[in-house]
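The structure appears below as structure tokens.
There are 2 protein chains.
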Amino acid sequence: PLRGKHDERSLVFADLTQEEYLQVQQYMLTQKDLNISINQITKPSQNFLFLIDLSLPKKAEALSYLDGKGSKPRREATVVVFHGTKGYIKEYVVGPLPKPNTHRDVTLERYKTELPINARTVTIGEYALLFKFLTAEVFSKLGKLLKESFDVDKDKMLDIFEQMPRGVRSGDRKTWVSFFRDRSGLYIHPVGFEVLVNHESVKEQEWKVERLFYNGDYFDTVEQLRQKYEEGSVKKIVYKELPDYGSLKPRTKPLQIGPQLFYAEGKRFSVSKNHVLYLDWSFAFGLSSLTGMRVFDVRFKGERIIYELSVQEAMSVYGSLTPGMMLTKFLDSSIGIGRFAHELVRGVDCPHEATFVDTYRYIDAPGPIRYRNSICIFEHNMGQPLRRHFSDFFHNSYGGMVNSALVFRTITAIGNYDYMWDFIFYQTGSVEAKVHATGYISSSYLVEGNLKFGHQVADKVLGNIHTHFINFKVDLDVSGMKNVFQTKDMEYVNMTLPWMPDHHAKVPQLVEKQLKTEKEAALRHNTKTPRYLHIASNKTNRWGHQRSYRLQVYSFAGDHLPESEAEERSMSWARYKVAITKHKDLEQTSSSLYSQNNIWNPAVDFSKYIEDNESIDNEDLVAWVTAGFLHIPHAEDIPNTVTVGNGGGVLLRPHNYFDEDPSIHSADAVYFSPG
Amino acid sequence: PLRGKHDERSLVFADLTQEEYLQVQQYMLTQKDLNISINQITKPSQNFLFLIDLSLPKKAEALSYLDGKGSKPRREATVVVFHGTKGYIKEYVVGPLPKPNTHRDVTLERYKTELPINARTVTIGEYALLFKFLTAEVFSKLGKLLKESFDVDKDKMLDIFEQMPRGVRSGDRKTWVSFFRDRSGLYIHPVGFEVLVNHESVKEQEWKVERLFYNGDYFDTVEQLRQKYEEGSVKKIVYKELPDYGSLKPRTKPLQIGPQLFYAEGKRFSVSKNHVLYLDWSFAFGLSSLTGMRVFDVRFKGERIIYELSVQEAMSVYGSLTPGMMLTKFLDSSIGIGRFAHELVRGVDCPHEATFVDTYRYIDAPGPIRYRNSICIFEHNMGQPLRRHFSDFFHNSYGGMVNSALVFRTITAIGNYDYMWDFIFYQTGSVEAKVHATGYISSSYLVEGNLKFGHQVADKVLGNIHTHFINFKVDLDVSGMKNVFQTKDMEYVNMTLPWMPDHHAKVPQLVEKQLKTEKEAALRHNTKTPRYLHIASNKTNRWGHQRSYRLQVYSFAGDHLPESEAEERSMSWARYKVAITKHKDLEQTSSSLYSQNNIWNPAVDFSKYIEDNESIDNEDLVAWVTAGFLHIPHAEDIPNTVTVGNGGGVLLRPHNYFDEDPSIHSADAVYFSPG
Ligand SMILES: [Ca+2]
Ligand SMILES: [Ca+2]
Ligand SMILES: [Ca+2]
Ligand SMILES: [Ca+2]
Ligand SMILES: [Cu+2]
Ligand SMILES: [Cu+2]
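As you go down the protein sequences, you meet chains A and B in turn. Under the working numbering, the first residue of the first sequence carries the number 328, and numbering increases by one thereafter. Under the working numbering, the first residue of the second sequence carries the number 328, and numbering increases by one thereafter.
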């Protein structure tokens, strides 16, 4: 039996439907002056409709509607067009849906700057040209080398994996393309050959090879490499057959299946459209093609606790002696995190009993695409008590309850890595946002000196050291929108014992502070931070304490890129474990679609949100939380990194928000006493 | 179908059987010169057989036997006698079992010091006298006050909870006894009345009340309080009926049961005596009455990885304005952690399908006691993939496997708190040791000024700030006993781009170090510690890297007690996140039975293990790991602290120990590819 009712108002946060995508696409195509192509292999020199995604309503309007005070906000789409003919990118807002009839260029409003065309994501159209270019300019000219070194020819090619950023300064679009054996798990089969392609021009005729890297040496031109190879003046790589160590094929037959989950009396949660009910919880959800999964209007016993909880960015900085990876800094939302939320496998990615939801996306494609079973929702038995007490002093009794919680999950396979994203809803009123990494590591060819950057994990293969930083947006509204940012910690104070005045003792005391400006509340990594961080209300609970939610961050993050580096501005959110800003509709994300390819001059520099140092005293606050881990790859990362130990996240816990633990009212509670 | 066979040699680590306890007890009773009592309410002035527990074999002897090279080590028991008649405590080793015929005083060998009688744990015998004393000296004299303030009389009493340590210097045994309403969850019903009892003398006739605390004021004698109360010159507490907010009774009827675990094809693990087999894992286990659960000879695919993994100590330091809790520092192994491993409840504490094991203990009792179902062992579906990768670039395929792991659990309810202890065995070769806290917080009466030490959580009740520190002993033997301690981390180094020599970039590099002495390898809290800590072998894996296990510590610990405090020496293990020592049989534990009651001059001061600063280069190493969390109680700790977010632990992960991830050989692996 469900508590509460589904609420169709959650649809203000729903992703666009297939029909809506098509309507927007049609509308854009009828704007003849924009001259837009929707062809999958549109060239960079043309105008390409890259993305259609929900344009989120303004918070005030959404709340007013949700709370029954205002009308339904106008439903609109964001459309991103790569204007190859003009040399810029534009973002349009198109609406109202259904039946859009207007569009508005919002580029300047959103980013306060024009977006140069080279800030764009590499599209499938551009990749097609790049493959063509590599075939014509590299492969066709190095037949002997490729055959002898890698055993490839026109029937059997190498795979490619690109390194980013593409250059060293704004405007650059020079990509080190690394080559890998054509196998599953190609990412751990580097061959020691990399090519620097300059594809700055939108005209592919102007592209050129700027440098080549082969077995540790650099060459200025394909011709130079070819010549030196043929005259025998390069260290040659001699092809060698290798076992298929990247394969995920089982080496053993299934013997006896492991523990399974089952719902003896049916599901205790319900999913209707984009609205979820689970015991005392309700929330709306969506999946942005760019930033990934998100929930809105999260309520517990009917009271809104979180306006928005969303994935923002996944970033990695790599180290290597090989040229591509030496500079590699991946910013995944520029490629699209949600874009890669593929089908989840029952019994592995989610329990068999989970509810699976399809999603529809429109990104770098000629039309909307359906992604079957790309979200899963299930209640899980965590295998431990949520709380319990056994007593045989004075009173013999036992009370407890098992920890069953709702998991909302997507897994995004962005190239080599698979990130598993979980939002977990506990019966205590806590919500957890977690990420775990699995999939293949990125690797490089083991040239001399490269062992300073990682460990060897296979024949001639180095698993490269790298960081993982993940950013979550946590827009808690604790007992209303007006909140403060509070910290709590301990401190030993010297006390005289009242019953023994000549004796002193150091006694722990509670230290509470309120941080009142954005700069104060931007808590950097590697600084001593108070142990308890709270978004609090000035309203109090029954015992007179400010109602609050605590942010408990789980992270094993490595060092953030030094701010002296030009690329750092695109990832400035990663400076902070937690940063608190005053909510603004125009500060929707900590990163952007343009951060990767214009990394030196990003459309969104998160640190700017803080630079105006606004008051955060009794304002609508947003917490931006960064978790991550340092990854020093090791043999056990072959074939795949495992989830155990490779993750991070944040637990949002009620702290004097309630008057007592709400799980005391759970029907799962168990109690025994003698007689 | 099980892999491997059970091995009876694991019995060298088995707890004593009921028969063995009785044999040792009988043997001790026949030593007439020792004049020992086994009466449950033996008086402090008499000689009491407090404890019988397994005396662990020497590691060299055990290994030689386990590895088929030596004979079975002599089986022996440790016996602790509180010699009230002599004023000291003795530890004896009694053996061989079965049929012991000798005993040996090992006190000096083990502790290098005599053990004064007041270092002893308060026994049930002493408690009986304390209750009697309080009735005669306090209750019977304060009838009016007790009735008016607390509504108690001779038929309806207050409960007590003692604070520790018992005084401020060695030899002290002066206990602040705090009074609580007689309800389940008494710990959160303090009444504002505390009495300082001097019970230093083993003769209860010499005990006295030294001070009283009532509603914030101190009184020298019972008579003084009585008199001032009657003349109306004290602030009176007026009894008030309060709701039963500490009750764990469900407030709701069960509606629909939550998710359950089931083994569709039976258990994939087996427990025989004290030996467990699970897929590639095997291990022996035991439960010490003092330190709690432990496993030995942990092997993966037949190769020993861990010689011993054990709980060592659970410590808490409290802050308060009230006299008892002002000084409170609990060291649970002095009361007995394993002692309180009670029956686990199916479906709450462990899944229904778990295997439950009975244990037998002999501590502060007239004979051995059976604790039914006090250990549980189960395989759990963790609700997430252990690893997975989905690919639609170049190769369409999916490979993954669900994370099923074996959990070995006890829950120890030591007074107010319940600690849940988990050792988890993963299919990746990782082992995790975790602890979560639940049960009741300790609380104090809300006198003026007390809010500096916590938050109010109920009517006139303060939840007091405190730390939780937990110590684990991790005796990894990585590819043999001779190991080194290695650290790994990252560092940004400035590099010139070889293809662009005028351009520099900061690139992450791997930094490896070996710490060669115990002092170097004693890693303090609040110091910057390398992110990766490894117990490594000089033997290498296939790729030439030292085989190692990494210790990944999860902790939210508060500040450790300053070393200036006399009490700190008893808990000096808590100075360090991780400390590495050279293994010694005589350095079996980081704490001792005597740490609580002789806290100022402890029998075991862990820091001494490090003081001789021995070489840890290619030696048998032991890692002592401290995890914990700062607990600032809040309304949601009522009635019970919840496990979610309140824990810590350590994950032991293979790192270049294998040549690839061993889970690739799991029969749970799943693979799909198109066609
Ligand atoms: Ca701002
Ligand atoms: Ca907010
Ligand atoms: Ca030593
Ligand atoms: Ca060892
Ligand atoms: Cu990684
Ligand atoms: Cu606690």
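Note that CB positions come from ideal geometry on N, CA and C, so glycine has one too.
| Query | Result |
| --- | --- |
| Beta-bridge pairing of Ala863(A) - partner residues as DSSP gives them | Val811(A) and Ser875(A) |
| Local conformation of Arg578(B) per DSSP, three classes | coil |
| Beta strand (DSSP E) runs contained entirely in the region 616-689 of chain B, provided each spans 3 or more residues | 619-627, 630-644 and 656-658 |
| Extent of the continuous alpha helix (DSSP H) to which Lys471(B) belongs | Gly470 to Phe477 |
| Alpha-carbon to alpha-carbon, Arg510(B) and Pro371(B) | 29 Å |
| Under 7 Å (Cβ pairs) to chain B, residues found in the region 674-687 of chain A | Gly674, Val675, Asp676 and Pro678 |
| Beta-carbon proximity list for Ser637(A), same chain, < 8 Å, skipping 5 on both sides | Ser615, Thr618, Gly619, Met620, Arg621, Val622, Phe799 and Lys800 |
| Bridge partners - Asn374(B), DSSP secondary structure assignment | His410(B) |
| Exposed unless 16 or more other CB atoms sit within 10 angstroms - verdict on Thr412(A) | exposed |
| Endpoints, the beta strand (DSSP E) within which Phe799(B) is located | His793 to Leu803 |
| Closest Cα partner of Ser609(A) within the set Glu938(A), Ala901(A), Glu895(A) and Glu335(A) | Glu335(A) |
| Contact list for Met817(A) against chain B, beta-carbon separation under 7 Å | Ile792, Gly885, Asp886 and Leu957 |
| Interface flag, Asn865(B) vs chain A, CB-CB below 9 Å | no |
| Straight-line Cα distance separating Lys594(A) from Glu346(A) | 31 Å |
| Residues with C-beta closer than 5 Å to any heavy atom of ligand 2, in chain order | Asp802(A), Asp804(A), Asp947(A) and Leu948(A) |
| Rounded straight-line distance, which links the Cα of Gln879(B) to that of Met484(A) | 41 Å |
| Chain B contact residues for Thr856(A), given Cβ-Cβ distances below 8 Å | Those do not exist, as Thr856(A) stays about 12 Å from chain B at its closest Cβ, beyond 8 Å. |
| Proximity below 9 Å, CB of Val734(B) to CB of Glu706(B) | yes |
| Extent of the continuous beta strand (DSSP E) run through Tyr545(B) | Asp544 to Phe546 |
| Ile584(B) beta carbon less than 9 Å from that of Asp932(A) | no |
| Length of the line joining the Cα atoms of Ser643(B) and Arg437(B) | 26 Å |
| Candidates Pro981(B), Leu461(B), Ser391(B) and Ala641(B), of which the one nearest Ser864(B) by Cα | Pro981(B) |
| 8 Å contact criterion, which Glu845(B) and Lys911(B) should meet: CB distance rounded | Actually they do not touch by this definition, with Cβ atoms about 11 Å apart. |
| Short Cβ contact (9 Å threshold) for Trp870(A) with Tyr903(A) | no |
| Min CB distance Tyr419(B) to chain A below 9 Å | no |
| Neighbourhood of Lys535(B) by C-beta distance below 7 Å, restricted to the same chain and skipping five residues each side | Asn525 |
| Burial state of His887(A), where buried means 16 or more other Cβ atoms lie within 10 Å | buried |
| Contact belief for Ile943(B) with Asp804(B) at Cβ below 8 Å, rounded distance in angstroms | Wrong, their Cβ atoms sit about 14 Å apart, outside the cutoff. |
| For Gln352(B), three-class secondary structure by DSSP | helix |
| 9 Å Cβ cutoff met for His289(A) and Thr794(A) | Residue 289(A) lies beyond the residue range present for chain A, which begins at 328 and ends at 1002; the question has no answer from this structure. |
| Residues near Leu424(B) in its chain [Cβ-Cβ closer than 6 Å; skip 5 each side] | Glu347 and Arg402 |
| Near ligand 6: Pro577(A) beta-carbon under 8 Å from a heavy atom | no |
| Residue-level contact to chain A via CB, Val762(B), 9 Å cutoff | no |
| Alpha-carbon spacing of Arg896(A) relative to Leu383(A), whole angstroms | 25 Å |
| Residue-chain proximity (Arg869(B), chain A), Cβ-Cβ < 9 Å | yes |
| Residues of the region 969-997 of chain A whose Cβ lies closer than 9 Å to any Cβ of chain B, in chain order | Val969, Thr970, Val971, Gly972, Leu978, Arg980, Pro981, His982, Asn983, Tyr984, Phe985, Asp986, Glu987, Asp988, Pro989, Ser990, Ile991, His992, Ser993, Ala994, Asp995, Ala996 and Val997 |
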